[in-house]
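What follows is one structure encoded as structure tokens, with my remarks underneath.
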Amino acid sequence: DVKVTQSSRYLVKRTGEKVFLECVQDMDHENMFWYRQDPGLGLRLIYFSYDVKMKEKGDIPEGYSVSREKKERFSLILESASTNQTSMYLCASRSPTGNRPYEQYFGPGTRLTVT
Amino acid sequence: GNSVTQMEGPVTLSEEAFLTINCTYTATGYPSLFWYVQYPGEGLQLLLKATKADDKGSNKGFEATYRKETTSFHLEKGSVQVSDSAVYFCALLQNTGTASKLTFGTGTRLQVTL
Numbered sequence: 001d002v003k004v005t006q007s008s009r010y011l012v013k014r015t016g017e018k019v020f021l022e023c024v025q026d027m028d029h030e031n032m033f034w035y036r037q038d039p040g041l042g043l044r045l046i047y048f049s050y051d052v053k054m055k056e057k058g059d060i061p062e063g064y065s066v067s068r069e070k071k072e073r074f075s076l077i078l079e080s081a082s083t084n085q086t087s088m089y090l091c092a093s094r095s096p097t098g099n100r101p102y103e104q105y106f107g108p109g110t111r112l113t114v115t
Numbered sequence: 116g117n118s119v120t121q122m123e124g125p126v127t128l129s130e131e132a133f134l135t136i137n138c139t140y141t142a143t144g145y146p147s148l149f150w151y152v153q154y155p156g157e158g159l160q161l162l163l164k165a166t167k168a169d170d171k172g173s174n175k176g177f178e179a180t181y182r183k184e185t186t187s188f189h190l191e192k193g194s195v196q197v198s199d200s201a202v203y204f205c206a207l208l209q210n211t212g213t214a215s216k217l218t219f220g221t222g223t224r225l226q227v228t229l
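Residue numbers (this note's numbering), protein chains in the order written: chain A, 1 to 115; chain B, 116 to 229.
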């Protein structure tokens, strides 16, 4: 079974802090994604990476950056956290070249509160 | 660009009731369509899929048919259970190339009561 793990389930940070959210997948997937989930807005793509050291902006990249130094790990960085970044953050991975190219596997999410 | 529109929730049903959650999409060409489910406290997981027109996806008693003429992919279940209480997301994938991305609807919360 594919497993996508996220470093924390709950996180509380102060305004202006630098925040790192870590995601690790164990299935050698090429693609990894970071979403935020907010009530009434569904899932919005922040950044994605289609391979190591490759990244592309999603729909709402402002205030975020990412790092993918190893294939299994994809980090989301909030350079200076703000209260409007309080949200649920979901990581996902996918292999477009595998036998199930359409299926994304999600982690359990990190609920971040910025005070 | 691509978009997915789902019916607003929450949807509240009694156990054994019939469920329909509407989903329509806008996309060029022939996207693949999906329903993902998010149980409380968990991430999303794939429920079912359809990759071409007139395909019917099914899983765990849920079904959805890819209707190109109406650009719809409505989710149905004949008899819901309390354990089906979750948030359901309709999504499309324009292609399965290296850099393709899912487009999600806003989600529909289903609450099933005894």
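Where is the CB? At the ideal position from N, CA and C, for every residue including glycine.
Would you list the one or two residues that DSSP bridges to residue i?
| i | result |
| --- | --- |
| Lys13(A) | Val114(A) |
| Tyr47(A) | Trp34(A), Lys57(A) |
| Thr223(B) | Tyr203(B) |
| Thr228(B) | Ser129(B) |
| Tyr97(A) | Note that residue 97(A) is Thr in the sequence shown here, rather than Tyr. The partner list for Thr97(A) (beta bridge, DSSP) is empty, contrary to what the question assumes. |
Hey, could you find the ends of the beta strand (DSSP E) residue i is sitting in?
| i | result |
| --- | --- |
| Val86(B) | Here chain B covers residues 116 to 229 and nothing more, so residue 86(B) does not appear. |
| Asp38(A) | 31-38 |
| Ser8(A) | Ser8(A) -> no beta strand (DSSP E), and no H or E assigned at all. |
| Gln25(A) | 19-25 |
| Cys89(A) | In the sequence under discussion, the amino acid at residue 89(A) is Tyr, which differs from the Cys named in the question. Per DSSP, Tyr89(A) belongs to the beta strand (DSSP E) from 87-94. |
| Ser129(B) | 126-129 |
| Ser118(B) | 118-121 |
Completely contained beta strand (DSSP E) runs for the segment 132-195 of chain B, where each covers 3 or more residues: Fully contained in the segment 132-195 of chain B are the following beta strand (DSSP E) runs of length 3 or more, in chain order: 134-136, 138-141, 147-153, 159-165, 171-174, 177-180, 190-192.
Which runs of the beta strand (DSSP E) at least 3 residues long sit entirely within the segment 50-81 of chain A? Give them in chain order. With a minimum length of 3 residues, the continuous beta strand (DSSP E) runs that stay inside the segment 50-81 of chain A are 54-57, 64-70, 73-78.
Indicate whether the contact test is met: 3 or more Cβ pairs, each with one atom in the segment 55-70 of chain A and one in the segment 123-138 of chain B, closer than 8 angstroms. Fewer than three Cβ pairs drawn from the segment 55-70 of chain A and the segment 123-138 of chain B lie within less than 8 angstroms of each other, which leaves the two stretches out of contact.
Residues of the segment 138-171 of chain B in Cβ contact with chain A at a cutoff of 9 angstroms, in chain order, please. Those would be Ser147, Phe149, Tyr151, Gln153, Gly156, Glu157, Gly158, Leu159, Gln160, Leu161, Lys164, Thr166, in chain order.
With contact counted as at least three CB pairs below 8 angstroms, one residue from each stretch, are the segment 100-108 of chain A and the segment 21-39 of chain A in contact? Here the segment 100-108 of chain A lies against the segment 21-39 of chain A, with 3 or more beta-carbon pairs under 8 angstroms apart.
Report the residues of the segment 29-42 of chain A with a CB closer than 9 angstroms to any CB of chain B, ordered along the chain. Result list: Glu30, Asn31, Phe33, Tyr35, Gln37, Pro39, Gly40, Leu41, Gly42.
Is the segment 71-84 of chain A close to the segment 11-20 of chain A, with three or more CB pairs under 8 angstroms? A contact exists between the segment 71-84 of chain A and the segment 11-20 of chain A.
Below 8 angstroms between beta carbons is the criterion; list the residues of the segment 184-205 of chain B that meet it against any residue of chain A, in chain order. Along the segment 184-205 of chain B, going in chain order, the ones with a CB nearer than 8 angstroms to a CB of chain A are Phe204.
Between the segment 68-90 of chain A and chain B, which residues of the former have a C-beta closer than 7 angstroms to a C-beta of the latter? Under the 7 angstroms Cβ criterion, the segment 68-90 of chain A contributes Leu90.
How about the segment 37-47 of chain A and the segment 136-148 of chain B: do they share at least three Cβ pairs that are nearer than 8 angstroms? Touching, no, given that fewer than three Cβ pairs across the two stretches are closer than 8 angstroms.
Determine contact between the segment 86-98 of chain A and the segment 63-70 of chain A, defined as no fewer than three beta-carbon pairs at a distance below 8 angstroms. The segment 86-98 of chain A makes no contact with the segment 63-70 of chain A, as fewer than three CB pairs between them are under 8 angstroms.
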